[in-house]
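Heads up, the thing below is written out as structure tokens.
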Amino acid sequence: MTIAYDKRVLVAGGAGFIGCNFLKYAVPKFPHILFTCIDKLNYASNQTIIKRLEASPNFRFIQLDLSENLELLLDFTRDITDIINFAAESCVDRSFLDPVYFTRNNILATLNLLECHRLNGNVKYFLHISTDEVYGDERDSVNEDDHLMNPTNPYSASKAAVDLIIQSYQYSYKLPITILRPNNVYGPLQYPEKIIPLTIKCLHENKPIPIHGNGTHKRRYLYVLDLVSAIEIVWRNQAVTTNEIYNVGGTDELDNISLVRLIMKVYQKPGQIQYTKDRNYNDLSYSIDTRKITSLGWRPQTSITQGLTLCKQFSDLPIEQRTLYRHIQ
């Protein structure tokens with residue numbers, strides 16, 4: 004018996020950190036929407052979460068490299084109504100080591116999805132997850148409608164290029180697309196290469212905690228479930244949000260040293276900080292203006308201390324229970 008779903012949503016890159024948190028929330032909440040996750044699967048993918056989701060009748064998974072298989076992707080998306088795009092390599096440090104791969108992968112993956120949007124008439128809406136790093140080093144709050152992009156590393160440059168390609172598709176083909184630019188996202192299921200999960204891993208393993216340069220670079224942090232709620236608000240209000248750009252950010256700004264010390268406090272574990280060579284270029288700060296998305300009724304609900312406490316609750320679970328965790332906030 005064929006189920007008549009209200010929508011058929013493609014979640015690109017859904018096995019990654021933010022994507023799988025979104026799917027864990029959305030699949031059970033919206034049983035009348037079919038979610039199709041397409042992901043090539045790499046070192047940072049949450050494959051155990053995907054396997055558990057496959058037991059849900061309104062979820063299916065397809066392993067596919069979005070950057071290389073346009074014909075297959077066109078076939079898989081013929082009945083899709085919405086595309087939510089999380090697909091991207093996102094580790095800044097890795098992007099310095101292999102800028103060609105990052106540029107090729109991040110641009111072509113989204114370009115192929117845009118072609119599906121253009122060529123498949125059923126696709127009515129495209130939501131793209133970008134990053135605040137496209138603005139570059141900013142100490143004053145930047146507005147998404149007026150501020151020029153100024154990326155300073157290969158990762159952010161690839162994301163800025165994608166945002167410009169999206170803009171060209173909006174102008175050239177009149178496609179309905181919305182862009183979200185969140186700041187540093189953290190939470191359960193994040194691969195331990197970003198500063199928060201890496202610090203937690205080092206504390207558990209009694210290893211030195213690496214900090215770039217002198218540790219004074221500042222970042223704002225957004226708990227992953229707060230980003231998921233922003234995605235839901237924007238996605239469910241397409242009449243208002245189509246063809247808009249929204250900055251999405253937390254209110255807690257900390258330098259790296261203060262962040263690591265806060266993690267030690269929450270985890271009640273002392274750690275040794277090891278200062279390492281700084282990045283080729285390291286933005287001192289990102290500051291974004293989030294008034295536009297707050298006008299939709301969204302607010303971050305989780306302080307950095309609360310979010311780190313939730314991370315601790317997750318990491319304290321036995322390994323076999325971590326795929327079963329339910330979101331708490």
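Position in the sequence shown (from 1) plus 3 gives the number in my numbering.
Positions of the beta carbon are idealized from the N, C-alpha and C atoms, including for glycine.
Take I21 and list the residues in its own chain whose beta-carbon comes closer than 7 Å to its own, dropping the five residues that flank it on each side.
F89, I132, V188, V227 and L230
Mind reading off the beta-carbon distance from L265 to L311? Whole number of angstroms is fine, and I expect it under 8 Å.
7 Å
From this set, I52, A29, K32 and V30, which residue's C-alpha is nearest Q324's C-alpha?
I52
Counting beta carbon pairs with one atom in the segment 268 to 279 and one in the segment 205 to 217, are three or more of them shorter than 8 Å?
yes
Nearest-angstrom Cα distance between A18 and N109?
16 Å
Reducing DSSP to helix, strand and coil, say where K197 ends up.
Note: K197 maps to coil in three-state DSSP.
Between Y224 and S288, what straight-line distance do the alpha-carbon atoms span, to the nearest angstrom?
12 Å
Might you give, ordered along the chain, the residues of its own chain that have their beta carbon closer than 6 Å to the beta carbon of N49, omitting 5 neighbours on each side?
A18, C23 and L192
Could you say which of L76, D166, E196 and Y28 lies nearest to L13 if we only look at CA atoms?
L76
Return the bridge partner residues of D258 from the DSSP annotation.
Looking at the DSSP assignment, D258 forms a beta bridge with K221.
From N240 to I168, what does the alpha carbon distance come to, in whole angstroms?
The alpha-carbon atoms of N240 and I168 are separated by roughly 24 Å.
Which whole runs of the beta strand (DSSP E) in the segment 264 to 320 are 3 residues long or more, in chain order?
Entirely contained in the segment 264 to 320, the beta strand (DSSP E) runs reaching 3 residues are, in chain order, 276 to 279.
For P154, does the count of other Cβ atoms within 10 angstroms reach 16, so buried, or fall short, so exposed?
buried
Suppose you measure from the CA of T5 to the CA of C205; what does that come to, to the nearest Å?
49 Å
When we look at the beta-carbon of I331 and count the other beta-carbons within 10 Å, is it buried (16 or more) or exposed?
Its pLDDT being 36, under 50, I331 is placed unreliably in this model, and the value from its coordinates should be taken loosely. It is exposed - the Cβ of I331 has fewer than 16 other Cβ atoms within 10 Å.
By the 10 Å Cβ neighbour count, where 16 or more other Cβ atoms means buried, how is V165 classified, buried or exposed?
The residue is buried, with at least 16 neighbouring Cβ atoms inside 10 Å.
With 16 as the cutoff for other CB atoms within 10 Å, does N115 come out buried or exposed?
N115 is buried by the Cβ-count criterion.
Hey, V243 and R184: beta-carbon distance below 8 Å or not?
no
In chain order, what residues of the same chain lie with their CB nearer than 6 Å to the CB of R222, ignoring the 5 residues before and after it?
Leaving aside the five residues that flank R222 on each side, the residues in its chain whose CB is nearer than 6 Å to its CB run, in chain order, N187.
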